Every structure is written in structure tokens, then in C-alpha cells.
Amino acid sequence: MSEEPYFSAERQRMVDEQLLERDIVDPRVLDAMRMVPRHSFVPIEHRHLAYADGPLPIGRGQTISQPYIVALMTQLLELKRDDTVLEIGTGSGYQAAVLAYIAKEVHTVERYADLARLATRVLDGLGLSNVHVHMGDGSRGLVEFAPYAAIVVTAAAPSIPKPLLEQLAEGGRLVIPVGSRGGQILERWRRCGSEYDRDAITPVAFVPLRGQFGWDADDMC
Ligand code: SAH
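If you're matching positions, the sequence shown starts at 1 in our numbering and goes up one per residue.
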């Protein structure tokens with residue numbers, strides 16, 4: 001038996017047991033999570049756990065998030081077909097692939113060249129031509145392609161990076177974990193003119209966002 005039928009069955013079970021049993025209800029998010037092959041983004045030594053209910057190491061001390069957290073953050077973005085989305089923290093590329101399945105264009109920024117290269121290769125291999133991987137300090141956003149209908153930060157920030165708020169389109173949503181290095185609150189911000197509404201969603205634990213508007217790199221070893 002080839003790998004794919006096995007992984008595909010595991011993936012459907014992941015959606016049924018980890019997402020539908022919780023509070024994931026957006027049909028576009030559920031569809032994307034049923035389609036995107038998470039195992040392709042997981043290092044070979046952890047691939048048998050690709051559809052388990054938790055995060056996994058992807059190298060460089062970084063992790064691919066728990067499937068439920070990927071689904072929750074995507075649902076909170078309230079994506080529409082025509083949206084251009086910015087992700088900070090490409091990592092494996094999995095979250096970017098889920099976004100690409102739903103939205104029009106996805107720009108994703110990673111600070112490690114080797115992770116960015118590997119993610120690009122996997123995304124290209126899947127034919128996801130609407131994802132664009134960029135190298136750099138994503139705590140500053142990505143001003144070239146702004147404004148964005150949605151921005152998601154998949155690393156923990158000590159406070160809200162101001163450039164990200166500035167790069168949101170009118171009505172745009174920003175989903176970001178904010179707090180200390182040990183634990184954060186997932187927040188959703190929404191732009192209304194020059195004002196922003198903020199909702200606190202749930203406690204989470206992410207790897208740190210580094211860079212100018214994250215934790216200083218020297219402080220982070
Ligand atoms: N979304 C990823 C998981 C991200 S882990 C996935 O689906 O696999 C967090 C990632 O954020 C790591 O790869 C880390 O290198 C990256 N990161 C941390 N600070 C960053 C910054 N300032 N700019 C860009 N990427 C950053």
C-alpha cells in the first residue's frame with residue numbers, strides 16, 4: 001500500500017476528532033485541513049505523528065503548531081476568497097498552505113534561510129503557486145505587498161508590533177499570540193478606520209518572535 005491512502009485516512013480522522021469535536025465550524029477551514037497533506041511538512045523522523053494532536057519539531061528549535069491551533073487561527077482570520085494574507089513565521093510552510101487553499105495570495109516571512117528554502121520546496125511541490133515565501137524580519141511586516149486583509153503571526157510577541165497594525169487593510173484582522181516567553185494569549189485585532197478592536201481568545205504557547213518588534217535576538221538563546 002502506498003503511503004497516501006494511510007495518511008489521507010489519518011487526516012480525515014484528525015479533522016473529525018480534533019477540529020469538529022472542538023469549535024472549528026468554518027467550512028473553508030475544515031475543507032483546507034482535509035486537503036493539505038500535513039505529513040509533507042513534517043520531518044521524516046516525525047512523519048508517523050503528522051496527524052497527532054500536538055506540535056512537532058521542524059528543526060532550528062522551531063515547531064509546526066498543533067493542527068487545532070492552525071485551524072483556530074485560520075478561522076479567526078475570517079478569510080474570504082479574494083483576500084491577500086500575510087503570515088509571519090513560515091516554519092514548515094504548513095500554515096501558509098492552509099491559508100493558500102482558502103485565500104487569493106499568501107505572503108509568508110521566515111528569518112531562517114534553510115527553513116524558508118525547505119518550505120518553498122514543499123509548497124512548490126504541491127503546486128501552491130499563490131504562496132510567496134520571503135526571507136527577513138517579519139516583526140516589521142512586509143510593507144511591499146501591504147495592505148493585508150489578514151495577518152497571522154505564528155510566533156509569540158512581547159507586545160503588538162506596530163507595523164503589523166499599520167499594514168492591515170480597513171476591516172483587516174490580525175491574529176497573534178502576545179505575552180511572555182512562557183505563555184501567551186491569542187489575540188485578534190480588527191481595524192476600523194484609525195481604531196482597532198481587540199479580542200482575547202485563549203491561552204497558548206508559541207516559540208518566540210524575534211527581531212526588531214519581537215524579542216531581541218541576543219536575549220533569546
Ligand atoms: N507557521 C509555522 C510554524 C511557525 S514556528 C508552520 O506552519 O510550520 C515560528 C517560526 O517563526 C519559526 O520558523 C521562526 O524561525 C519564525 N520567526 C521567529 N521570529 C521571526 C521573525 N522576526 N521574522 C520571521 N520569522 C520569524
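Glycine included, every Cβ here is placed at the ideal spot set by N, Cα and C.
From a predicted model like this one, the values you see are computed outputs, not experimental measurements.
Item	Value
Alpha helix (DSSP H) segment containing E166, residue limits	K162 to E166
Cβ-based neighbour list, T63, same chain, cut-off 7 Å, excluding 5 preceding and 5 following	P55, L56, P57 and V207
Own chain residues within Cβ distance below 6 Å of L99, not counting five before or after	V85 and V106
Cβ contact check for the stretch 136-143 and the stretch 175-185: 3 or more pairs under 8 Å	no
CA nearest to the CA of A71, picked from F145, R38, D83 and N130	R38
Local conformation of D199 per DSSP, three classes	strand
Start-to-end residues for the alpha helix (DSSP H) that takes in Y101	Y94 to I102
Segments of 4+ residues assigned as alpha helix (DSSP H) that fall wholly inside the stretch 51-80	67-76
Alpha carbon of D199 to alpha carbon of R111, nearest angstrom	28 Å
Local conformation of P208 per DSSP, three classes	strand
Close-in-space but distant-in-sequence residues of the same chain around Q75 (CB under 7 Å, 5 per side omitted)	I24, D26 and V29
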